[in-house]
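**Q**
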Amino acid sequence: MPTLIQKFSFDFRDRYFNFDGLQFAFRICTLENVYGPDSEKISLTSREASLRVEAKSLQFAGGQRKCPGYLVANLWKDGDELKLKVKAEHQETIKCITILIRGLAA
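As numbered in my numbering, the sequence shown has no gaps in its residue numbers, which increase by one up to the final residue, 145.
Given below as C-alpha cells:
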C-alpha cells in the first residue's frame with residue numbers, strides 16, 4: 040500500500056532561533072493540522088551553553104490564525120554534543136514535533 044505524504048504549498052512563517060552556530064525552528068503536527076509557536080507569545084532564555092524557547096500560544100495557516108497550545112524547547116551543549124528536549128501541548132492529538140535545522144554541514 041502506498042504511503043501518503045502531505046505536501047504544503049504555503050510559507051509556514053517559521054521563526055528560527057540561533058544556537059551554537061545553527062538555526063532551529065519547531066512545528067507541532069497533529070492528526071488534523073500543523074502548528075508553530077506563536078511569534079507574539081515567545082519568550083527566550085539564553086545562557087552561555089543553553090537556550091530555552093517557550094511559546095504560550097500556537098499559530099497556523101502561515102501565522103494568520105492563533106490557537107491555544109504550548110511549546111517548550113531546551114537546547115544545550117554537553118561537551119561536544121548538542122542536545123535538545125522539546126515538549127508540546129495541544130487540544131488535538133499530537134502526532135510528532137518537527138525540528139527544522141539550518142546551517143548543518145553538507
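Ideal Cβ placement from N, Cα and C applies to all residues, glycine included.
#1: What are the boundary residues of the beta strand (DSSP E) that includes L90?
#2: Kindly identify the DSSP beta-bridge partner or partners of T69.
#3: By how many angstroms is the C-alpha of V92 removed from the C-alpha of T84?
#4: Could you give the distance in angstroms between the alpha-carbon of C135 and the alpha-carbon of T69?
#5: Could you tell me which of L123, P76, Y109, R86 sits nearest to Y55, measuring between CA atoms?
#6: Which residues share a DSSP beta bridge with A64?
#7: Excluding sequence positions up to five away, which residues of its chain have a Cβ less than 6 Å from the Cβ of L97?
#8: Among the candidates K126, F49, K116, whose CA atom is the shortest distance from the CA of E87?
#9: Return yes when the Cβ of N72 is within less than 7 Å of the Cβ of F51, no when it is not.
#10: Taking C-beta to C-beta, are L143 and L114 nearer than 7 Å?
#11: Among residues of its own chain, excluding the 5 on either side of I58, which ones have a beta-carbon nearer than 6 Å to its beta-carbon?
**A** Taking the geometry as given:
#1: 89-94
#2: DSSP, once it has assigned bridges, lists I133 as partnering T69.
#3: 7 Å
#4: 7 Å
#5: Among L123, P76, Y109, R86, the Cα nearest to that of Y55 is on P76.
#6: L139
#7: Y74, D77, C106, G108
#8: K116
#9: no
#10: No, they are not a contact pair.
#11: It is worth fixing the name first, because residue 58 is Phe in this sequence and not Ile. Correct list, in chain order: L90, L114.
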